[in-house]
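These protein sequence lines are chains U and L, in that order.
Each number in my numbering corresponds to the 1-based position in the first sequence with 241 added.
Each number in my numbering corresponds to the 1-based position in the second sequence with 241 added.
Here a beta-carbon is modelled for each residue, glycine too, at the ideal position from N, C-alpha and C.
Quantities reported herein were computed from a predicted structural model and do not represent experimental measurements.
I have placed the structure first, in the form of structure tokens, so that the comments after it can refer back to it.
2 protein chains.
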Amino acid sequence: MSAPTIRDVAARAGVSKSLVSLVLRGADGVREDKRRAVLAAVEELGYQPNAAARSLSERRTRTVGVLLNDMRNPWFVELLDGLNRRLYDAGLRMLLADGHLNRHLGEDLAHTFTELHVDGLIAVGTLPDPGVLRRAAGRVPTVVASAREPVLPAVDIVANDDVIGARLATEHLIGLGHRDIAHIAGQGAVGELRRRSFEATMRAHGLADSAVVEQGDLTEEGGYRATVRLLSRVHRPTAVFAANDMTCVGALSAAEETGLTVPRDLSLVGYDNTYLSRLRHLWLTTVDNASEEVGRRAAQRLLERIAEPGRAAAVDLVTPFLEVRGTTGPPPSGG
Amino acid sequence: MSAPTIRDVAARAGVSKSLVSLVLRGADGVREDKRRAVLAAVEELGYQPNAAARSLSERRTRTVGVLLNDMRNPWFVELLDGLNRRLYDAGLRMLLADGHLNRHLGEDLAHTFTELHVDGLIAVGTLPDPGVLRRAAGRVPTVVASAREPVLPAVDIVANDDVIGARLATEHLIGLGHRDIAHIAGQGAVGELRRRSFEATMRAHGLADSAVVEQGDLTEEGGYRATVRLLSRVHRPTAVFAANDMTCVGALSAAEETGLTVPRDLSLVGYDNTYLSRLRHLWLTTVDNASEEVGRRAAQRLLERIAEPGRAAAVDLVTPFLEVRGTTGPPPSGG
DNA sequence: GGCAGTCTCTGGAACGGTCCAAAGAAGGGC
DNA sequence: GCCCTTCTTTGGACCGTTCCAGAGACTGCC
């Protein structure tokens, strides 16, 4: 009843278990007739190697764990695609776990992964508890993708360059003729980088005085509320740069509810180029954070760190680009 | 350098490895001073049990694999939540893999999971290749969640009741006074159930002649195109019931592009109650497919099947309900 | 025929846990 | 003091692989 083992295969093929092992690992120096006999036995018995036994013996799992911060906000799918492609080529499998799902259960997912003795760990986005990552990084090669924190001794960081991204968005609006531009800020290190770059860009164009910042929380609701606040000001901005697409969607709702037409009365720019922004009905101008490339490079960094665990931590920034769609245009008064 | 093992802990605590094992598994009949010594040693060494060794010895992994069909369409997040909660209580961990990500790599993820010797497998949504599931189900207890296929001997199915859901949506529109109602159909078994129920409901209300069906493909693009076709008919429908939210968003775009105001000129109903439909800017009337409950029950079924692998396959349907939001209203001519 | 050198193949020792039968310690009754 | 029980603790077998040293078989050369 229970699954066949390598010994069953060996018995069936009339060889030793060692030879079966050799055949399955593709070693050369095995006579063709024996190789065939082994493969036939494998086929007949439906044999599948036991990953646990293998990893116990090999002392590695050929598996990397990927920690997601929240699957509800699916900006990371392309990142995973990039990651997976590169890791797969290197013979590594990818297992996912969502921190948000398990948070309320009080479980430390990184812990699950270190128990599994994964060969590496990738944290995607900013995790709620930096301690988790610090502890995990002490045990297993770790890379942070698409976040700028936590900064830890042996943990590489791969992300898009938020300074450039925010500048692209802001200069796009300035280029269209906007002067009164607001920013709805995000949270954490990434939020701060985007906000500062927005401010710096406005300053560089002599628009420091007409730059406004409202705090958001990266959710639609937060974007909506922040925009309501912005639009109730005496001096209304003619354009809003939102810290992410979700926020931007909230801003869009608030604008239309106030009777403004986007982009005629108000221009909006998001960030991340999620599939949300690509929905025809939303069609947001946004900054593409080069997710897939971030994923590929994160995988690369992880492979390097697995090969050489002691190397110094690196920060690897990918250049984002602007994706102009339907929510931006010249300001109402003609600039 | 390498991770401490149970023997290191035993040596440090001055006891045998067996005793360490007993303490860690919470056995009683261990003297308090020894228990403390062991726990102290564990703490000092930062010992973590090796999951591979444990599962090899215990002959189970306390892990279930979850196969997702496509993370890009995140209707399943709440389902995972329900699943995870129940499985966690039963001492099982959940590992995710996305079939879509790996498809082009030609990898059989179910294979990865069976190699890992997971204790169970849950397929979420309809998987591209039914053969994958058939093979996997021969090795490990398997449950399909939120799909109606493939139907296999020892595989339970848990899903929302599409017949009821489609009827709710259709009757909602009829109740508002609509008579010319179109359906944009989905694919596979689920698509067929929804379409047939739509048709049956129309028939039951004597509206068989004014029921129209256009084929979609569950994507925004498909919904858009189908709606363009619908709206270019001589006799335009006043309401559209879309097979899922994504399709409905496409329909929304097509409607507005045609100059129609939703819901004044055209009513729209989606299906799944994804967070998309909850975005203020879309605010779709939709059928809630009770995802979380489906997840909980799927977990329950899996636990039962793990306990008793031979039991007959069951189909467990959860009752969906209507979520009325902003895209439905009375027909233009007043009904 | 003997011997070195290849080429194939094999048995047994890991890997790090769990489990179990049995050993050892402690306590009670005579 | 001895035997019997009960309570704790232990050594060793085992889970299913990989890895390695070395065993056999065969070849070619002197």
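- Taking all protein chains shown into account, P394(L) has fewer than 16 neighbouring C-beta atoms within 10 Å of its C-beta and is therefore exposed.
- H424(L) sits in a strand when the DSSP states are folded into three classes.
- Interface flag for A338(U) against chain L is set, since a Cβ pair is found closer than 8 Å.
- In the pairwise beta carbon analysis, the stretch 278-288 of chain L is classified as not touching the stretch 313-323 of chain L: fewer than three pairs are separated by under 8 Å.
- Contact between the stretch 448-459 of chain L and the stretch 478-488 of chain U is absent, with fewer than three C-beta pairs closer than 8 Å.
- Non-local C-beta neighbours of A254(L) in its own chain, meaning closer than 6 Å and more than five positions away in sequence, comprise A278, V279, A282, ordered along the chain.
- Under the Cβ distance rule, A293(U) counts among the residues neighbouring chain L, one pair being separated by less than 8 Å.
- Beta bridge pairing from DSSP links V454(L) with H424(L).
- Looking at L501(U), G340(U), R327(U), A378(U), the one whose alpha-carbon comes closest to that of H345(L) is R327(U).
- Taking a C-beta cut-off of 7 Å against chain L, the contacting residues of the stretch 459-474 of chain U are E461, Y465, listed in chain order.
- Counting every other CB atom within 10 Å of its CB across the protein chains shown gives E299(L) a total below 16, marking it as exposed.
- A direct Cα-to-Cα measurement between M487(L) and G379(U) gives close to 43 Å.
- Residue environment analysis places E273(L) among the exposed positions, since fewer than 16 neighbouring C-beta atoms fall within 10 angstroms of its C-beta.
- Distance from V469(U) to L520(L) at the Cβ level is roughly 16 Å; contact not present, criterion being Cβ atoms closer than 8 Å.
- Counting the other CB atoms within 10 Å of its CB gives G287(L) a total below 16, which places it among the exposed residues.
- The beta carbon of K258(L) sits closer than 6 Å to those of I247, R248, A251, all from its chain and outside the five residues before and after it, given in chain order.
- In the structure shown, F354(U) adopts helical secondary structure according to DSSP, grouped into three states.
- Residue-level contact by beta carbon fails for D370(U) and chain L, as no gap is shorter than 8 Å.
- Here V373(U) is not near L333(U), since their CB atoms are 8 Å or more apart.
- When the Cα atoms are used, D513(L) and S387(U) turn out to be separated by approximately 30 Å.
- Residues of chain L with a Cβ closer than 8 Å to the Cβ of N343(U) are, in chain order, N325, Y329.
- Taking 8 Å as the threshold, the shortest C-beta distance from E284(L) to chain U does not fall below it.
- In chain L, no part has a C-beta under 9 Å from the C-beta of Q541(U); the shortest such distance is about 17 Å.
- Burial is judged here by how many other beta carbons sit within 10 angstroms of a residue's own beta carbon; S532(U) has at least 16 and is buried.
- A straight line joining the alpha-carbon of R435(L) with that of L308(U) spans about 36 Å.
- Rounded to whole angstroms, the gap between the alpha carbons of P371(L) and M443(U) is 56 Å.
- Look at the stretch 289-359 of chain L and you find these whole runs of beta strand (DSSP E), each 3 residues long or longer: 304-309, 334-339.
- In the DSSP assignment, D486(L) falls within the unbroken alpha helix (DSSP H) covering 486-498.
- Taking one beta carbon from each stretch, the stretch 347-364 of chain U and the stretch 490-510 of chain U have fewer than 3 pairs nearer than 8 Å; the two do not touch.
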